[in-house]
Amino acid sequence: MKDFNYKEYIKEYIKKHNNVSNLLIKDQEIFLDVSLKILDVLNKSGTIFWCGNGGSMADASHLAAELLGKYEKERPPFKSIALGQDNGVLTCIANDYNFDQIFARELEGLANKNDFLILISTSGKSKNIIEAA
């Protein structure tokens, strides 16, 4: 680790993040479209469901909490649920069916056509995320 160039590493890390920010700016129409769909769901008293595995589950939980909390300003809570948070439900579904069904089965029991599902995945290949979709 003596030969590791921390200064260069940090510089490259910041460059990568800037590149991602620039890509996001190019795709802002997609974000606007999704935001408007989510707003429509919330205005119709629908629920935003989130799911992810590992760190993505932590992200899903955090984002669901922000909608239930007040994020930035006082407002009524929005209906928002991170799937897979109830250990009893999670292990029941994984045991009775299989791990690939943990989110899909929970959605089947809780969601309706007026709701919105947000899937968070690093790889995009997780079978339980694909099944939820």
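When we follow numbering that gives the first Met the number 0, the leftmost residue of the sequence shown carries the number 0, and every step to the right adds one. Glycine is no exception: its CB is placed at the ideal position from the N, C-alpha and C atoms.
Would you call residue i buried or exposed, if buried means 16 or more other Cβ atoms sit within 10 Å of its Cβ?
{"i": "residue 51", "result": "buried"}
{"i": "residue 127", "result": "buried"}
{"i": "residue 9", "result": "exposed"}
{"i": "residue 125", "result": "buried"}
{"i": "residue 24", "result": "exposed"}
Starting from residue i, trace the beta strand (DSSP E) in both directions and tell me its first and last residue.
{"i": "residue 48", "result": "47-50"}
{"i": "residue 81", "result": "79-81"}
With respect to the alpha helix (DSSP H) encompassing residue i, which residues constitute its N-terminal and C-terminal limits?
{"i": "residue 34", "result": "27-42"}
{"i": "residue 119", "result": "Element bounds for residue 119: n/a, residue is neither H nor E."}
{"i": "residue 95", "result": "86-95"}
Throw me the rounded Cβ distance for the residue i and residue j pair, which I believe falls under 8 Å.
{"i": "residue 37", "j": "residue 115", "result": "6 Å"}
{"i": "residue 93", "j": "residue 48", "result": "The Cβ separation is near 18 Å, so there is no contact."}
{"i": "residue 45", "j": "residue 78", "result": "7 Å"}
{"i": "residue 33", "j": "residue 113", "result": "Not confirmed; about 16 Å, so no contact."}
{"i": "residue 106", "j": "residue 131", "result": "6 Å"}
So, with DSSP's three-state summary, where would you put residue i?
{"i": "residue 129", "result": "helix"}
{"i": "residue 3", "result": "coil"}
{"i": "residue 112", "result": "coil"}
{"i": "residue 201", "result": "As shown, the chain starts at 0 and ends at 132. That puts residue 201 outside it, with no answer to give."}
{"i": "residue 104", "result": "helix"}
{"i": "residue 124", "result": "coil"}
{"i": "residue 8", "result": "helix"}
{"i": "residue 72", "result": "coil"}
State whether the region 62-75 contacts the region 3-22, with contact taken as three or more CB pairs (one from each stretch) at a distance under 8 Å. Too few Cβ pairs lie closer than 8 Å, so no.
Count Cβ pairs between the region 113-128 and the region 52-63 that sit closer than 8 Å; are there 3 or more? Contact holds: three or more Cβ-Cβ distances are below 8 Å.
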